[in-house]
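For the sequence shown, the residue numbers in our numbering are 11 to 81. Cβ atoms here follow ideal geometry from the backbone N, Cα and C, with glycine treated the same way. Bear in mind that the values here come from a model prediction, so they are computed numbers and not experimental data.
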Amino acid sequence: MADESGRAPSLWEVTCSVVAALGGIQSEKNRERDFKHGKPMQFIIIGLIGTIVFVLSLVGVVRLVLHLAGV
């Protein structure tokens with residue numbers, strides 16, 4: 011998925027980079043590509059969306075577990 015052409019990373023590549031970085035498994039090659047050719051606003055927006063989805067998922071799971079426990 012790494013790109014040597016010098017073009018900006020695609021939306022899919024940005025999303026994969028954000029997920030990998032959040033999980034702590036971002037490769038050095040992709041990190042360098044992101045810093046050289048990526049637009050910071052793309053990473054910020056995707057990161058915020060991912061964080062919101064993650065938090066809402068946790069809230070949903072907790073509510074489901076509490077409901078099933080009868081609390």
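Within the continuous alpha helix (DSSP H) that includes Lys46, where are the two ends? 38 to 47
Residue environment, Arg43, which counts as buried when at least 16 other CB atoms sit within 10 Å: Taking a 10 Å sphere around the C-beta of Arg43, we find 16 or more other C-beta atoms and assign the residue as buried.
Check Ser20 in the structure and name its three-state DSSP category. coil
Please report the straight-line C-alpha distance between Arg17 and His47, rounded to a whole angstrom. 6 Å
Quick check: the region 27 to 45 against the region 68 to 80, are there 3 or more CB pairs under 8 Å? Per the Cβ contact rule, the region 27 to 45 is not in contact with the region 68 to 80 (fewer than 3 Cβ pairs under 8 Å).
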